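Visitor: Dumping the structure here so I can ask a few things about it.
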Amino acid sequence: VGDTAPRGSGNSFGSASERGNADHHASSIVYRARHIMRYTFLNLGWYESWSAVCIRKFLRGKLFAGVAMLSLLLALFLGEAFTVAQVSSNMAGDIILTIVFAVFAFEFLGLTLTDASYLF
């Protein structure tokens, strides 16, 4: 048939190396785990549940955005500020940075579990 592209001519299916790369990506364990998790949550209706919507709205809201921004600033500059201020103990900085880590972990886990497009 005259309207099909010959092999290796850059047709819409991509080259053999691109198809091989896509096949390798589709067979990876991480890809399969993400795919299974996403479609399980979709089939269960979790993403549209009241709990998931409330958590997602909170994490995307202004209050949490302010907390996350403050956490980011603390994570970036707290160590240097304590060094410049010659704070003798690391205890206060460690506690503050542990709280900052908890905020980031909560955001990551919350969005991973409630937003279908977050990791995918």
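Start counting at 1 in the sequence shown, then tack on 1309, and there's your number in my numbering. Quick reminder that beta carbons are idealized off the backbone N, C-alpha and C, glycines included. In this text, all values refer to a predicted model and were calculated from it rather than measured experimentally.
Check Y1427 in the structure and name its three-state DSSP category.
Guide: Residue mapping note: residue 1427 aligns to position 118 of the sequence shown, counting from 1. Here Y1427 sits in coil by DSSP.
Visitor: Taking the straight line between their C-alpha atoms, what separation do you get for F1346 and L1379?
Guide: Here residue 1346 corresponds to residue number 37 of the sequence shown, with the count starting at 1. Here residue 1379 corresponds to residue number 70 of the sequence shown, with the count starting at 1. Rather than Phe, the amino acid found at residue 1346 in this sequence is Met. Approximately 32 Å, taken between the alpha carbons.
Visitor: I'd like the ranges of any alpha helix (DSSP H) spanning at least 4 consecutive residues and lying wholly in the segment 1351-1424.
Guide: 1359-1369, 1371-1393, 1400-1423
Visitor: Residues in the same chain with beta-carbon distance under 8 Å from A1377, minus the five sequence neighbours each way, listed in chain order, please.
Guide: Taking the first residue of the sequence shown as position 1, residue 1377 is located at position 68. The answer, listed in chain order, is V1412, F1413, E1416.
Visitor: For S1326, I'd like the list of residues in its chain whose CB is within less than 7 Å of its CB, leaving aside the five on either flank, ordered along the chain.
Guide: Taking the sequence shown and counting its residues from 1, the one referred to as residue 1326 is at position 17. Caution is warranted here: a pLDDT of 49 is assigned to S1326, below 50, making its placement in the model unreliable, and no coordinate value can be reported.
Visitor: Taking just the CA atoms, how far does W1359 sit from T1421?
Guide: Counted from its first residue, the sequence shown places residue 1421 at position 112. Counted from its first residue, the sequence shown places residue 1359 at position 50. Cα-Cα distance, rounded: 16 Å.
Visitor: Taking its Cβ as the centre, do 16 or more other Cβ atoms sit within 10 Å of T1407, making it buried, or is it exposed?
Guide: Looking up residue 1407 in the sequence shown gives position 98. Exposed is the call here.
Visitor: In whole angstroms, what is the alpha-carbon distance linking G1402 and T1392?
Guide: Numbered from its first residue, the sequence shown carries residue 1402 at position 93. Numbered from its first residue, the sequence shown carries residue 1392 at position 83. Distance between the alpha carbons of G1402 and T1392: 10 Å.
Visitor: Thinking C-alpha only, which one of Y1427, G1419, Y1340, L1428 is nearest F1367?
Guide: Here residue 1367 refers to the residue found at position 58 when the sequence shown is read from its first residue. The residue with the shortest Cα to Cα distance from F1367 is G1419.
Visitor: To which residues of the same chain is D1424 closer than 7 Å at the C-beta, ignoring the five residues directly before and after it?
Guide: Here residue 1424 is taken as the residue at index 115 of the sequence shown, counted from 1. Within the same chain, and ignoring the five residues on either side of D1424 in sequence, the residues whose Cβ sits closer than 7 Å to its Cβ are R1365.
Visitor: Can you have a look at V1339 and say buried or exposed, based on whether 16 or more other CB atoms are within 10 angstroms of its CB?
Guide: Stepping through the sequence shown from its first residue, residue 1339 is reached at position 30. It is exposed - the Cβ of V1339 has fewer than 16 other Cβ atoms within 10 Å.
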